[in-house]
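Here is the structure we will look at.
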Amino acid sequence: MLTDYSPLQFIVRGKIFKGFCMRINDDFHETYAVVLDGYHSFCIWMDNKSEKWCASKNVAIEPDAIDEIINRISLSA
């Protein structure tokens, strides 16, 4: 699990992403708010039933970037 607040900076396909990830108190899932420069904020959470990470339905960010964020959250778990 990430700490309550973790800065994010990574490169995916030559594009730099900067922002932060913050743990949200959620009684049902392990949930994180993600805020990246130039994008609307969105949430990522672990769906315990399917044992898969999910992202907000209308997230407008490259899928590879979401995968990188999930990877960073998973490695910290």
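If you read the sequence shown in numbering that gives the first Met the number 0, its first letter stands for residue 0, the second for the next number, and so on. Beta carbons are placed, not taken as given, at the ideal position from N, Cα and C, and that holds for glycine. This one's a predicted model, so the numbers in the text were calculated from it and none came from an experiment.
Helix, strand or coil: which one does DSSP assign to R71?
Along the sequence shown, read from residue 1 onward, the residue named residue 71 stands at position 72. Note: R71 maps to helix in three-state DSSP.
Using CA coordinates, which residue listed in V11, A32, D36, I15 is at the minimum distance from M137?
Outside the displayed range of the chain (0 to 76) lies residue 137, so it cannot be described from this structure.
Inspect the beta-carbon positions of N57 and H28 and report whether they are closer than 9 Å.
Locating residue 57 in the sequence shown gives position 58, where the first residue counts as 1. Locating residue 28 in the sequence shown gives position 29, where the first residue counts as 1. No Cβ-Cβ contact shorter than 9 Å links N57 with H28.
With the cut-off set at 9 Å, would you say E67 and F19 are in Cβ contact?
Translated into the one-based positions of the sequence shown, residue 67 becomes position 68. Translated into the one-based positions of the sequence shown, residue 19 becomes position 20. No, these two residues do not count as a Cβ contact at 9 Å.
Compute the Euclidean distance between the alpha carbons of I43 and P6, then round it to the nearest angstrom.
The count along the sequence shown starts at 1 and reaches residue 43 at position 44. The count along the sequence shown starts at 1 and reaches residue 6 at position 7. Rounded to the nearest whole angstrom, the C-alpha separation of I43 and P6 is 15 Å.
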